[in-house]
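Data block below; observations after.
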Amino acid sequence: MKRIIGSLGFVALLAGILVPLPAHAASTRIAIKPFALTSAKTAATASKSSTKPNRWEFLLRNSNSAGAPTYSYTYGNPQLGDLPLAGDFNGDGVWTIGVVREDSTGHMLWLLNNTQHANTPQVQFVYGNANTDVPLIGDWDGNGTFTPGVARVDDAGNITWLLRNSNSSGPPNITFIWGFDLGPLAVATNGDWDGVKANGQGVATINIDQDNGHWVWDLNNNHDGTEGDIPGFEYGGVNNKDAPIVGDWNGDGTTTIGVVRVWWDGYWAWELRDQNSTGAPTITPFKYGNTKTTDIPIVGHWAPITGNKPADTVVTVGVARPIHV
Ligand SMILES: [Ca+2]
Ligand SMILES: [Ca+2]
Ligand SMILES: [Ca+2]
Ligand SMILES: [Ca+2]
Numbered sequence: 035m036k037r038i039i040g041s042l043g044f045v046a047l048l049a050g051i052l053v054p055l056p057a058h059a060a061s062t063r064i065a066i067k068p069f070a071l072t073s074a075k076t077a078a079t080a081s082k083s084s085t086k087p088n089r090w091e092f093l094l095r096n097s098n099s100a101g102a103p104t105y106s107y108t109y110g111n112p113q114l115g116d117l118p119l120a121g122d123f124n125g126d127g128v129w130t131i132g133v134v135r136e137d138s139t140g141h142m143l144w145l146l147n148n149t150q151h152a153n154t155p156q157v158q159f160v161y162g163n164a165n166t167d168v169p170l171i172g173d174w175d176g177n178g179t180f181t182p183g184v185a186r187v188d189d190a191g192n193i194t195w196l197l198r199n200s201n202s203s204g205p206p207n208i209t210f211i212w213g214f215d216l217g218p219l220a221v222a223t224n225g226d227w228d229g230v231k232a233n234g235q236g237v238a239t240i241n242i243d244q245d246n247g248h249w250v251w252d253l254n255n256n257h258d259g260t261e262g263d264i265p266g267f268e269y270g271g272v273n274n275k276d277a278p279i280v281g282d283w284n285g286d287g288t289t290t291i292g293v294v295r296v297w298w299d300g301y302w303a304w305e306l307r308d309q310n311s312t313g314a315p316t317i318t319p320f321k322y323g324n325t326k327t328t329d330i331p332i333v334g335h336w337a338p339i340t341g342n343k344p345a346d347t348v349v350t351v352g353v354a355r356p357i358h359v
């Protein structure tokens with residue numbers, strides 16, 4: 035999987051996890067990798083093999099506020115390059131954990147769980163190419179089940195989105211070209227930006243405005259190549275070391291924007307907004323997770339379904355932390 039390194043070492047996300055877009059063309063591979071993975075690898079290299087991080091520890095909290103994790107458990111292995119992700123893979127309303135791993139043939143192996151705390155993958159399949167694609171997971175058809183997709187950038191920088199509607203190996207059900215990769219700090223993500231379930235989750239690119247260092251969010255609702263579904267806008271930026279993150283923070287059915295900011299003390303500060311537009315955070319900023327332990331921010335609806343709206347659809351915080359067990 036292509037990932038960002040770059041001078042800022044930036045991350046971004048797939049439905050729940052920060053994953054960057056590849057730089058264009060394989061030729062100049064500006065070593066792209068989420069900084070947390072990079073840090074984990076660096077730490078692993080510097081330490082004895084017996085103490086290299088060999089598990090992701092998931093620390094998930096049922097509230098967008100500072101405090102202790104509601105759930106904590108380990109799954110996946112950073113040494114194998116596992117990229118953590120989260121989604122509702124079986125459509126029961128609860129988001130759970132998975133990882134994407136490069137297999138021996140250069141493809142992406144998806145190892146997903148449908149229950150919190152599961153130690154072994156309950157669903158696994160191969161989808162996408164590790165060397166060319168950025169993995170995404172989303173509810174592309176709006177039926178409530180999250181399934182795989184990839185963003186593939188060609189040599190000209192055009193992005194092809196290849197989305198599949200079932201958690202199994204096979205061809206994409208939806209393919210379209212949209213967006214342009216502006217460089218190694220670009221980000222691919224997805225969400226239900228318009229709150230219209232019938233057209234499912236759309237995709238998005240988030241690029242840096244080279245003049246002012248702000249993130250520019252470009253959201254597509256409808257799986258076609260037309261521009262301007264939601265006019266581009268700015269939120270967050272590299273000057274504050276912000277990593278973009280998206281979620282339905284208020285449970286109204288619409289996925290909106292946010293950033294996690296590296297605070298002076300090394301903690302992640304979450305600045306989440308309930309509208310897809312420029313403006314201030316609408317949720318009181320809070321700290322959760324720590325860059326010093328190389329936590330990767332990850333979000334989802336972790337709590338059991340209770341029959342209460344909007345509580346049943348609110349997306350809340352979490353981190354994946356590389357540890358040694
Ligand atoms: Ca589920
Ligand atoms: Ca679906
Ligand atoms: Ca939609
Ligand atoms: Ca919302």
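Going by our numbering, the first residue of the sequence shown is number 35, and it counts up by one from there.
We put the beta carbon where it would ideally sit given N, CA and C, even for glycine.
- The C-beta distance from residue 124 to residue 227 rounds to 24 Å, too long to fall under 8 Å, and the pair is not in contact.
- Within 7 Å of the C-beta of residue 228 there is not a single heavy atom belonging to ligand 4.
- If the five residues before and after residue 229 are omitted, its C-beta is found closer than 6 Å to the C-beta atoms of 287 and 288, all from its own chain and listed in chain order.
- Contact between residue 184 and residue 193 is absent: CB atoms are separated by about 10 Å, not below the 8 Å threshold.
- In this structure, the beta-carbon distance from residue 234 to residue 249 does not fall below 8 Å.
- Setting aside the 5 residues that flank it on each side, residue 140 is surrounded in the same chain by 163, 164 and 165, each with a C-beta closer than 7 Å to its C-beta; the list follows chain order.
- Per the DSSP secondary-structure output, residue 109 pairs in a beta bridge with 90.
- Remark: the shortest separation between the CB of residue 275 and any heavy atom of ligand 3 does not fall under 7 Å.
- Shown here, residue 139 sits in coil according to DSSP, grouped into three states, outside any helix or strand.
- Setting aside the 5 residues that flank it on each side, residue 200 is surrounded in the same chain by 181, each with a C-beta closer than 7 Å to its C-beta; the list follows chain order.
- In this structure, the C-beta of residue 290 approaches ligand 4 to less than 7 Å from one of its heavy atoms.
- Distances from the CA of residue 329 to each of 355, 260 and 317 were compared; the closest alpha carbon is that of 355.
- In the three-state reduction of the DSSP assignment, residue 351 falls in the coil class, being assigned neither a helical nor a strand state.
- Your pair residue 332 and residue 120 checks out as a contact, with CB atoms roughly 5 Å apart and the cut at 8 Å.
- The criterion of a C-beta distance shorter than 8 Å is satisfied by residue 118 and residue 133.
- Residue list for ligand 1: 122, 123, 124, 126, 128, 130 and 148 (CB closer than 6 Å to any heavy atom, chain order).
- Only buried fits residue 257, as 16 or more other CB atoms lie within 10 angstroms of its CB.
- Residue pairing from DSSP leaves residue 190 without any beta-bridge partner.
- In the DSSP secondary-structure assignment, residue 264 is bridged to 253.
- Ranked by Cα distance from residue 336, the options 296, 280 and 352 are led by 352.
- In the three-state reduction of the DSSP assignment, residue 219 falls in the coil class, being assigned neither a helical nor a strand state.
- Per DSSP, residue 102 lies in no beta strand (DSSP E) and is assigned neither H nor E.
- The shortest CA-to-CA distance from residue 280 to any of 243, 210 and 171 is the one to 171.
- Within the same chain, 98, 99, 100, 303 and 304 come within 8 Å of residue 320 by CB-CB distance, once the 5 residues on both sides are set aside.
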